[in-house]
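Structure, as structure tokens:
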Amino acid sequence: MKHLLRRSHVAVLLAAGWLAGCGSSQNASTSNGTTASTGSATPSVRFLSMDYDPVSSALQKKIVEEFNAQNKDGGKVEIDIIPWNDGHQKLQTLISGNQAPDLAIVGTRWMAEYNKAGLLADLGDADKNGVKTSEFVPGVLKAGRIDNKLVGLPAAASVRGLYYNAAMLKKAGVTPPKTWAELQTAATKIQATHPGVAGFGVQGKEVETDLYFYYFLWGAGGDILGADGKSALTSPAATEALDFELGLVKKKLTQPQPTGYNREELQDLFKAKKVAMIITGPWFAGMLKKDAPGLDFGVTFIPGKSAAVVPAVADEVVMFNSSGNKELAWKFLSYWYRDANRLAWAKASGMIPEKSTTARNPELTGDKHRAFFIAALPKGRYVPTHPNWEQMANAVSDSVQQALLGQMDSNTALQTASTKIDELAQ
Amino acid sequence: MPPVAAPLASETLRHREARVGLLCLAPAVALLAIVFLYPIVSTLLDSVSHVSALAGRTGGPTAKNWQSILSDPAFLRGTLPRTLFWTIGVVSLTILCSLPAALLLQERFKGRKLARTLVLLPWAVPLPISAIIWKFIFNGQLGTLNGLLAQFGIAGPVWLAEAKTALPIMIWVGVWASIPFTTVTLLAGLQGIGADILEAASLDGANGWLRFRAIILPLLRPVLNVAIVLNTIYVFNSFPIIWVLTQGGPANSTDTIITSLYKQAFRFSQPGQAQAMGVVSFVVLLVFSAWYLRLAEKDTQ
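Line by line, the protein sequences are chains R and X. For my numbering, count along the first sequence from 1 and bump the result up by 309. For my numbering, count along the second sequence from 1 and bump the result up by 53.
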């Protein structure tokens, strides 16, 4: 027994080392090999795409298959669709192993990091390669531009809006709010007429917790980064914005304990008629029609202190410099951006078409909720592109959460986030 | 026949045997070097280098990664002690629940087979799936638990919104997930204890508690030690439960080293700092395992 025990020492110690020591290299082998088999003469392009939902993933695959079918002699596209949550990790592993794909769909928050490392191709000659930039919605291209270099084309665009439960607003005798004051009044009146319902929903955890704060920050006339590239969160507008968001919680005009709710869980509360107003994206209209068919809802602009706020988010398709088949990649992109394909995409995913030529289609404008988002997109405002954005956003989220938990007052919270952002801005 | 010839021949034979022996060992040594040694060395090197998430190590050695994690109060005073709390909490509660369960399952009773199967059930479900189910149960307003409490007129809190409720839930799920492995291990140990010894003790008038304390526990010690060490390593490095339930939030208040490390490496693209955290957890586990097993060995002697 003693002998056995001693041997188990060694095994345990080694196991400890191995479990503790596994780092980024561990996953490298899982992703290679599958698509790298380009032994034949026909060129191929690897496209790493992201999963929005099962229906639109099936559509992405279908579009690639159709392209391959009509491009038999010119090479083929191999698409790999992975969950958003794994995207950054997977790309990091592929890139560090010199296995970067030719094309990839990325969040704008990763794009700047890859651009800074010199990995992204300049897409400025899109027009010469069959992708007409004039057909895009004005303004939407700027999300893919860094230092006047076009590194990304919009692949999925969304605008955020205020969803409201129309029946509850009607019963409370209020109209959809246009300003902060009206939002507060509406929430108060709804709660007075609907016991057990929260007037307004606040997201307090996970990805986009910071964005929920920017809805108010922009609404107060503030911004995240100033013209000098440093934090602008110490401005009076920022304090006012955070105080307003916290005030709604303190006055019990929101669901209790917002730090327990991510975006999806907030949407679930709205579906369950536990919350009368929330802020989210265009996909939610489709979800509501499917999951809560009886729910009478409307969408309007997000109220600001005095003027409406139109936050927009665009995911981008980027081309890697390392691609050996840029010509084929462009050929595929021009097919990908055909109006018929983008229309099918908008219908499947619930996103807003980034091309005006697609957005005009009556199939989309005939739906009043879609029409609202389509009309709003040109006015969209985006978060900054910075190589350290992911960490900056996290610093803001942490501060907002600490303020929501009552561990910090709004000034301390914003000061803490500002210090971190300034360190990251250099 | 000169008597010297025989030992000479056996000498060369022994030499040859030794060489063949080494040769047979070589593949195992090579495998160990690749699988264990290389990652450890690579992790150590990364932790003292500038590491780009996209291009690997660049430049000479630097203390920057270490400075940044050791000067971060959130890591030193938050994540590190919390990781120890989480590990000790889960492991001790697991042992406290598994030992009686194993003793019970060792007894003969009607439905023992079914009970043994039921204990194994959590093991059959992948950890992330179990964690997702628990997340539904502890969901704020729409969760199963709060729905149940509402039936009795109690308004339950949003369980995962704050560390003071989220941490105990994390530990509860951790214990729930660790019990099957531990119970089975202890059950195997119990079955190795001869029925004759226990019978002899009974004849000598030892009651249940005395039998447990004087015979079962000492004889079970080696197995118990292995269960404690292995559980400690698993739990210390356990990622899915925490990630699914809270992602270490709100504001990093439920982060352990492993979730913090993951964020640094894959969200914030700071592999150097992540590797430094990896070294910290490696050292903690190494020291613990060495210390505990030495203690255990002394005990058995």
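Even glycine gets a Cβ: it sits at the ideal position worked out from N, Cα and C.
Residue i - DSSP class collapsed to helix/strand/coil
{"i": "Y570 (chain R)", "result": "coil"}
{"i": "L75 (chain X)", "result": "helix"}
{"i": "V511 (chain R)", "result": "coil"}
{"i": "R690 (chain R)", "result": "strand"}
{"i": "L534 (chain R)", "result": "strand"}
{"i": "L429 (chain R)", "result": "strand"}
{"i": "K381 (chain R)", "result": "coil"}
{"i": "G661 (chain R)", "result": "The question names Gly, but residue 661 (chain R) in the sequence shown is Ile. Of the three classes helix, strand and coil, the one that applies to I661 (chain R) here is strand, per DSSP."}
{"i": "A208 (chain X)", "result": "coil"}
{"i": "F335 (chain X)", "result": "helix"}
{"i": "H503 (chain R)", "result": "coil"}
{"i": "A550 (chain R)", "result": "helix"}
{"i": "G193 (chain X)", "result": "coil"}
{"i": "Q369 (chain R)", "result": "helix"}
{"i": "Y646 (chain R)", "result": "coil"}
{"i": "G406 (chain R)", "result": "coil"}
{"i": "H695 (chain R)", "result": "coil"}
{"i": "S322 (chain X)", "result": "coil"}
Start-to-end residues for the alpha helix (DSSP H) that takes in residue i
{"i": "D731 (chain R)", "result": "S719 to A734"}
{"i": "I222 (chain X)", "result": "A216 to Q244"}
{"i": "L713 (chain R)", "result": "W698 to L713"}
{"i": "Y521 (chain R)", "result": "T518 to G528"}
{"i": "E672 (chain R)", "result": "P671 to T674"}
{"i": "Q204 (chain X)", "result": "T197 to Q204"}
{"i": "P175 (chain X)", "result": "R165 to A177"}
{"i": "I186 (chain X)", "result": "L180 to I190"}
{"i": "E252 (chain X)", "result": "A248 to L256"}
{"i": "S540 (chain R)", "result": "Premise fails: S540 (chain R) is in no alpha helix (DSSP H) and is neither H nor E."}
{"i": "F681 (chain R)", "result": "K677 to A685"}
{"i": "L263 (chain X)", "result": "G261 to R264"}
Span of the beta strand (DSSP E) around residue i
{"i": "I388 (chain R)", "result": "K385 to P392"}
{"i": "R355 (chain R)", "result": "S353 to D360"}
{"i": "A413 (chain R)", "result": "L412 to G416"}
Exposed unless 16 or more other CB atoms sit within 10 angstroms - verdict on residue i
{"i": "T111 (chain X)", "result": "exposed"}
{"i": "P249 (chain X)", "result": "Sequence inspection shows Asp at residue 249 (chain X); the Pro mentioned does not correspond to that position. Counting Cβ neighbours within 10 Å, D249 (chain X) comes out exposed, since fewer than 16 surround it."}
{"i": "F205 (chain X)", "result": "exposed"}
{"i": "L338 (chain X)", "result": "buried"}
{"i": "T65 (chain X)", "result": "exposed"}
{"i": "L98 (chain X)", "result": "exposed"}
{"i": "Q710 (chain R)", "result": "buried"}
{"i": "S340 (chain R)", "result": "Unreliable positioning characterises S340 (chain R) in this predicted model, as indicated by a pLDDT of 38, which lies under 50. The coordinate reading is nonetheless provided below. Classification of S340 (chain R): buried, given that the 10 Å Cβ count is 16 or more."}
{"i": "P662 (chain R)", "result": "buried"}
{"i": "L167 (chain X)", "result": "exposed"}
{"i": "P567 (chain R)", "result": "buried"}
{"i": "N407 (chain R)", "result": "exposed"}
{"i": "K559 (chain R)", "result": "exposed"}
{"i": "P271 (chain X)", "result": "exposed"}
{"i": "T694 (chain R)", "result": "buried"}
{"i": "H397 (chain R)", "result": "buried"}
{"i": "L542 (chain R)", "result": "buried"}
key: Secondary structure, beta strand (DSSP E): runs of 3+ residues fully inside the stretch 77-162 of chain X   = 102-105 and 109-114
request  = Run through the stretch 438-493 of chain R for me and flag every whole alpha helix (DSSP H) of 4 or more residues, listed as ranges in chain order.
outcome  = 475-481
query = Which full runs of the alpha helix (DSSP H) of 4+ residues lie inside the stretch 266-316 of chain X, going along the chain?
reply = 270-289, 293-298 and 310-315
ask   = If you pair each beta-carbon of the stretch 691-708 of chain R with each one of the stretch 428-440 of chain R, do three or more pairs fall below 8 angstroms?
value = no
request  = Could you say if the stretch 584-601 of chain R and the stretch 366-385 of chain R meet the contact criterion of at least three C-beta pairs nearer than 8 angstroms?
outcome  = no
inquiry  = For the stretch 572-580 of chain R against the stretch 441-454 of chain R, do three or more pairs of beta-carbon atoms, one drawn from each stretch, fall closer than 8 angstroms, so that the two count as touching?
reply    = no
query = Where in the stretch 556-634 of chain R do unbroken runs of the alpha helix (DSSP H), each at least 4 residues long, occur, reported from the N-terminal end onward?
reply = 572-580 and 592-600
query = Three or more beta-carbon pairs under 8 angstroms between the stretch 451-460 of chain R and the stretch 517-528 of chain R, yes or no?
reply = no
inquiry  = Across the stretch 360-379 of chain R and the stretch 625-636 of chain R, are there enough close Cβ pairs to call them in contact, namely three or more that are closer than 8 angstroms?
reply    = no
inquiry  = Can you confirm whether the stretch 295-315 of chain X touches the stretch 134-147 of chain X when touching is taken to mean that 3 or more C-beta pairs between the two stretches lie within less than 8 angstroms?
reply    = yes
ask   = Looking at C-beta atoms only, is the number of pairs between the stretch 222-240 of chain X and the stretch 154-165 of chain X that lie closer than 8 angstroms three or more?
value = yes
inquiry  = Does the stretch 291-299 of chain X come into contact with the stretch 172-181 of chain X, if we say contact requires no fewer than three beta-carbon pairs (one atom in each stretch) closer than 8 angstroms?
reply    = yes
Inter-stretch contact at 8 angstroms, needing at least 3 Cβ pairs: the stretch 531-548 of chain R / the stretch 183-194 of chain X = no
query = Does the stretch 208-220 of chain X come close enough to the stretch 252-266 of chain X that 3 or more CB-CB pairs lie under 8 angstroms?
reply = no
inquiry  = For the pair the stretch 545-559 of chain R and the stretch 603-610 of chain R, tell me if three or more CB-CB distances fall below 8 angstroms.
reply    = no
request  = Decide yes or no for the touch test of the stretch 101-111 of chain X against the stretch 322-337 of chain X: beta carbon pairs closer than 8 angstroms, at least 3 of them.
outcome  = yes
key: Contact the stretch 337-351 of chain X vs the stretch 549-556 of chain R: 3+ CB pairs below 8 angstroms   = no
message = With three or more beta-carbon pairs closer than 8 angstroms as the criterion, would you say the stretch 619-632 of chain R touches the stretch 488-504 of chain R?
response = no
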